[in-house]
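Asker: Below you'll find the structure I mean.
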Amino acid sequence: MFDGDIETGEKAVELARRIGAKPMPWQREALHALMTRNDDGRWTHSDACLICPRQNGKSLILTLRILYGLFKLGETIIFTAQRWTTAEEIYQRTWALIEPRKSLLARVKKTTCSQGRGVIEMKNGNKVVFTTRSADAGRGLTKLDLVIYDEAYNLTDGEMSALGPAQLAADDPQTIYTSSAVNQDEHSNGLVLAALRERGLAGERELYFAEYMAPEEMDRADEATWQYANPSYGVIQTPSKIRKLMRGFATQAGRKSFDVEILGRGDWPIEELLEDTKPVVDMAGWSKLHDTAPAFTGSTCLAVDMSTERERSDRTCSITVAAKTKRGAHLQIGYHGAADTTTVVKFIVAAVEAGDPVAVVIDPKSAAQVLIKPLQRAGVEPELMRTQDVIESTSGFLTAVDEGHVTHDNDRRMDEALESARLREIGDGGGVAWARKTSGTICQLVAGSNALWGLSQFEPKAVPPPAEVGFEPAPDGGSVMGDLMEVSW
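In short: position in the sequence shown from 1, add 4, done, that's this note's numbering.
Quick look at the structure:
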């Protein structure tokens, strides 16, 4: 947890007291952390991840966060779980705290709970939806202030992409992930939570991360180990309950399940890098694609990406342009420097005005997602990629290189990215994407791939001649967008 104002969280605790809920100390601390605000009034943690063994009271934390958001913050909320029984239980707990209290009930317009979907709708128009995860989980919701993914041990990129666009419409959205630890023998979709955990362990400021687990060196049969891993030990979890469970887990697989479910010792999947011993792209072949005088034929596309250092001040941001040519497309790095939001947004706005690109592309699951709202406020609506788009971007870049349909201006910064870049697998379908956690900075390469993808996806059917698109051919290796890249910010 990072510094911030816990006043909103304390107000949520006070609301809980007034309606008869009694959060335990660790639950109060979690509410404070989830609802900490920066000096500007926005959430300190736009993402939150709470990993805790089962039956410790995570549900009460979520119920109280939902209630305060619904009645005090005027939020539109969706709670999703892998199983309907879990979503239905949270609906029932939430409604059980509302129904007996006239002051709360008077503000409710209607409530329904059937066919795998529970809804509590307020008279002022905001609502909370409880449902299982699916492609249409967010149907009817054009703006989501708060998304909760419970049972995140079984959460996929595709399920998150179903709700992502609706969060972009919110002024200060927050996403909360809660789960017990992953056992990869049983949870085939544990990569999303594993990646969140890595971000949390790295100390990323935008992510509140809390994990309850007993270190491996502690004896699984020792009561002190049970107490260490379970924050509600002695209240919800008791020695007799855990001893009973332990006696039932007599096999090797059972002991592993005990370690995961009771002690929080996850068996976490790792995204293995592919072809880890050599560059993905043949550098000699890449060098042959250097073109000092590409024959431009029309449209351009911009893409922006950021590196993933723990502190935002240490991150690098890259903006790369892909320009249509007779050969295919030409790539050029337009900006590669500090990830200062004001500087980067100003650069992109100037680039859009000067070059009229067909799109500005951002992967909303990358560090560059912090630019989405500032760009929208500046009048630039970025095109947001889905997981399948990221896969197509990577494979499309590799194909274009192999077939000689992409050229470049021999920028050493792109060479350095290609030399250190590796691939990672996505899903079970054989898809790959650039692996960000490498020894070097590859955001310029990711931006180049995404710009190339955007050029093919958003290119107008009728392409105007070069004189009408805001840039001129640059036989001296200059910018494909004219004088724009010479501007000093």
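For each residue, glycine too, the CB sits at the ideal point set by N, CA and C. These numbers were taken from a predicted model, which means no experiment stands behind them.
(1) Assign Asn128 to buried or exposed, taking buried as 16 or more other Cβ atoms, counted over all protein chains shown, within 10 Å of its Cβ.
(2) With C-beta atoms as the reference, is Ser303 less than 9 Å away from Ile446?
(3) Can you list, in chain order, the residues of its chain with a C-beta nearer than 6 Å to that of Pro469? Leave out the 5 residues immediately preceding and following it.
(4) Could you tell me if Arg69 is buried or exposed, where buried requires 16 or more neighbouring beta carbons within 10 angstroms of its beta carbon?
(5) If you measure between the beta carbons of Ile352 and Leu402, is that distance less than 9 Å?
(6) CA-CA distance, Gly435 and Val285?
(7) What first and last residue would you give for the alpha helix (DSSP H) that runs through Ala34?
(8) Thr3 bridges to which residues according to DSSP?
(9) Less than 9 Å between the C-beta atoms of Leu19 and Tyr72, yes or no?
(10) Which value, in whole angstroms, describes the spacing of the CA atoms of Gln86 and Glu163?
(11) Once you ignore the five residues that flank Thr40 on each side, which residues in its own chain have a CB closer than 6 Å to its CB?
(12) Is it true that the stretch 155 to 172 meets the stretch 181 to 192, where meeting means three or more beta-carbon pairs spaced less than 8 Å apart?
(13) Give the straight-line distance between the Cα atoms of Asp413 and Ala355, rounded to the nearest whole angstrom.
(14) Per DSSP, Lys131 forms a beta bridge with which residues?
(15) Name the DSSP beta bridge partners of Tyr153, please?
(16) What's the gap between the Cα of Leu172 and the Cα of Glu79?
(17) Would you mind reading off the limits of the alpha helix (DSSP H) that contains Lys15?
(18) When the Cβ atoms of the stretch 289 to 301 are set against those of the stretch 189 to 209, are three or more pairs found closer than 8 Å?
(19) Tell me the rounded alpha-carbon separation between Glu14 and His36.
(20) Between Ala218, Trp290, Leu211 and Thr255, which lies nearest to Gly408 when the distance is taken from Cα to Cα?
(21) Enumerate in chain order the residues of its own chain whose CB-to-CB distance from Gly268 is below 6 Å, with the five nearest sequence positions on each side excluded.
(22) Taking only three categories from DSSP, how would you classify Leu148?
(23) Ordered along the chain, which non-local residues of its own chain (more than five positions away) have a Cβ less than 6 Å from that of Trp272?
(24) With a threshold of 8 Å on Cβ separation, who are the neighbours of Thr116 within its own chain once the five nearest residues in sequence on each side are excluded?
(25) Determine the direct distance from the alpha carbon of Glu190 to that of Ala2, and round the result to whole angstroms.
(26) Here's the rule I'm using: 16 or more other beta-carbon atoms within 10 Å means buried, otherwise exposed. How should Lys245 be labelled?
(27) Less than 7 Å between C-beta atoms, sequence neighbours within five positions excluded: which residues of the same chain meet that for Lys113?
(28) Starting from Cys56 and walking both ways along the beta strand (DSSP E), at which residues does that stretch end?
(29) Could you name the residues of the same chain whose beta carbon sits closer than 8 Å to that of Arg46, not counting the 5 residues immediately before and after it, in chain order?
Answerer: Concretely, from the data shown:
(1) On the sequence shown, position 124 is the one that residue 128 refers to. Exposure of Asn128 is indicated by the presence of fewer than 16 other C-beta atoms within 10 angstroms of its C-beta.
(2) Translated into the one-based positions of the sequence shown, residue 303 becomes position 299. Translated into the one-based positions of the sequence shown, residue 446 becomes position 442. Contact annotation: Ser303 and Ile446 have beta-carbon atoms that are not nearer than 9 Å.
(3) In the sequence shown, the residue the question calls residue 469 occupies position 465. Per-residue confidence for Pro469 stands at a pLDDT of 46, beneath the threshold of 50, marking its modelled position as unreliable; no derived number is given.
(4) Taking the sequence shown and counting its residues from 1, one reaches residue 69 at position 65. Flag for Arg69 reads buried.
(5) Here the question's residue 352 lines up with position 348 in the sequence shown. Here the question's residue 402 lines up with position 398 in the sequence shown. No, these two residues do not count as a Cβ contact at 9 Å.
(6) In the sequence shown, residue 435 corresponds to position 431, counting from 1. In the sequence shown, residue 285 corresponds to position 281, counting from 1. The alpha-carbon atoms of Gly435 and Val285 are separated by roughly 17 Å.
(7) Locating residue 34 in the sequence shown gives position 30, where the first residue counts as 1. Looking at the DSSP string, the run of the alpha helix (DSSP H) that includes Ala34 is Pro29 to Leu38.
(8) Given that the chain is displayed from residue 5 to residue 493, the structure contains no residue 3 and the question cannot be resolved.
(9) Stepping through the sequence shown from its first residue, residue 19 is reached at position 15. Stepping through the sequence shown from its first residue, residue 72 is reached at position 68. Taking 9 Å as the Cβ cut-off, Leu19 and Tyr72 qualify as a contacting pair.
(10) In the sequence shown, residue 86 corresponds to position 82, counting from 1. In the sequence shown, residue 163 corresponds to position 159, counting from 1. Distance between the alpha carbons of Gln86 and Glu163: 10 Å.
(11) Indexing the sequence shown from 1 puts residue 40 at position 36. The answer, listed in chain order, is Gly8, Ile10 and Thr48.
(12) yes
(13) Within the sequence shown, the letter at position 409 stands for residue 413. Within the sequence shown, the letter at position 351 stands for residue 355. Asp413 and Ala355: Cα-Cα distance of roughly 19 Å.
(14) Residue numbering aside, residue 131 sits at position 127 when the sequence shown is read from its first letter. Bridge partners of Lys131 according to DSSP: Glu125.
(15) Along the sequence shown, read from residue 1 onward, the residue named residue 153 stands at position 149. Tyr153 pairs with Thr84 and Tyr181.
(16) Residue numbering aside, residue 172 sits at position 168 when the sequence shown is read from its first letter. Residue numbering aside, residue 79 sits at position 75 when the sequence shown is read from its first letter. Approximately 14 Å, taken between the alpha carbons.
(17) The residue given as residue 15 occupies position 11 in the sequence shown. Here the alpha helix (DSSP H) through Lys15 covers Glu11 to Arg22.
(18) no
(19) Walking along the sequence shown from the start, residue 14 turns up at place 10. Walking along the sequence shown from the start, residue 36 turns up at place 32. Each residue's Cα considered, the two are about 6 Å apart.
(20) Along the sequence shown, one-based indexing puts residue 408 at 404. For the residues Ala218, Trp290, Leu211 and Thr255, the minimum Cα distance to Gly408 belongs to Trp290.
(21) Stepping through the sequence shown from its first residue, residue 268 is reached at position 264. Excluding sequence neighbours, Gly268 sits near Pro57, Ala185, Tyr216, Met217 and Ala233.
(22) On the sequence shown, residue 148 is found 144 positions in, with the first residue counted as 1. The answer is coil: DSSP assigns Leu148 none of H, G, I, E or B.
(23) Sequence index remark: in the sequence shown, residue 272 carries index 268 (1-based). Answer for Trp272: Val186 and Ala198, listed in chain order.
(24) Here residue 116 refers to the residue found at position 112 of the sequence shown. Hits under 8 Å: Gly122 and Val123.
(25) Any answer about residue 2 is impossible in this case: the structure gives the chain only from 5 up to 493.
(26) On the sequence shown, position 241 is the one that residue 245 refers to. Looking at its Cβ environment, which holds fewer than 16 other Cβ atoms inside 10 Å, Lys245 is exposed.
(27) Counting from one through the sequence shown, the residue named residue 113 turns up at place 109. Contacts found: Glu125, Met126 and Lys127.
(28) Taking the sequence shown and counting its residues from 1, one reaches residue 56 at position 52. No beta strand (DSSP E) holds Cys56; DSSP gives it neither H nor E.
(29) The residue you call residue 46 lines up with position 42 of the sequence shown. The answer, listed in chain order, is Asp176.
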